[in-house]
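Peer 1: Can you keep this structure in mind? I'll have questions shortly.
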Amino acid sequence: MSYDLAVWEGERPADDAAASQCFNDLYDRYVDADGPDIPPTERIAAYVAALLERWPDLTEDEHDTSPWSACPLIAEASGPLIYFPIRWSMVMETAVYAAQLASSMGLNCYDPQNQCLIPE
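Using this note's numbering, you'd call the opening residue of the sequence shown number 66 and step up by one each time.
Put into structure tokens, the structure is as follows:
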């Protein structure tokens, strides 16, 4: 079982309802779309690289310290969006860090489970 986060480029939505709509539109276009894979944008690739500086990718995790539930993490990115799962056992620390990192990079972080932007 995992906890999912979404991070994307673009103007910050005005509220959680607008964020939900934005996430759903991006998900439909980049994750759920039938078509060729779209490589991540430079900013999303840089975000993933920064996450992997903090915690290893599952392919490189020799001591079960990685919070990721997908491997490789960059494979969860498409265009201006990354939608990625986090292991429940590490969700609190990881989600907080991921949201703070996204904010510091001018990206939006969204919690699809609770349908809200984070940090609020």
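Idealized CB from N, CA, C, for every residue including glycine.
With DSSP run on the structure shown, which of helix, strand or coil describes Asp90?
Peer 2: In this structure, Asp90 counts as helix in the three-state DSSP scheme.
Peer 1: Identify which residue in Met66, Pro150 and Cys181 has its Cα closest to the Cα of Leu116.
Peer 2: When only C-alpha atoms are compared, the closest one is Pro150.
Peer 1: Enumerate in chain order the residues of its own chain whose CB-to-CB distance from Met155 is below 6 Å, with the five nearest sequence positions on each side excluded.
Peer 2: These residues qualify, in order along the chain: Pro132.
Peer 1: Specify, as a first and last residue, the run of the alpha helix (DSSP H) that Ile109 falls within.
Peer 2: Where Ile109 is concerned, the enclosing alpha helix (DSSP H) stretches over Glu107 to Arg119.
Peer 1: Using CA coordinates, which residue listed in Ile147, Ala135 and Ala164 is at the minimum distance from Ala110?
Peer 2: Closest option to Ala110, Cα to Cα, is Ile147.
Peer 1: Along the chain, where does the beta strand (DSSP E) containing Leu166 start, and where does it finish?
Peer 2: No beta strand (DSSP E) contains Leu166, which is instead part of the alpha helix (DSSP H) from Val156 to Ser169.
Peer 1: Using CA atoms only, rank isn't needed, just tell me which of Trp120, Asp81 and Asp80 is closest to Thr159.
Peer 2: Considering only alpha carbons, the answer is Trp120.
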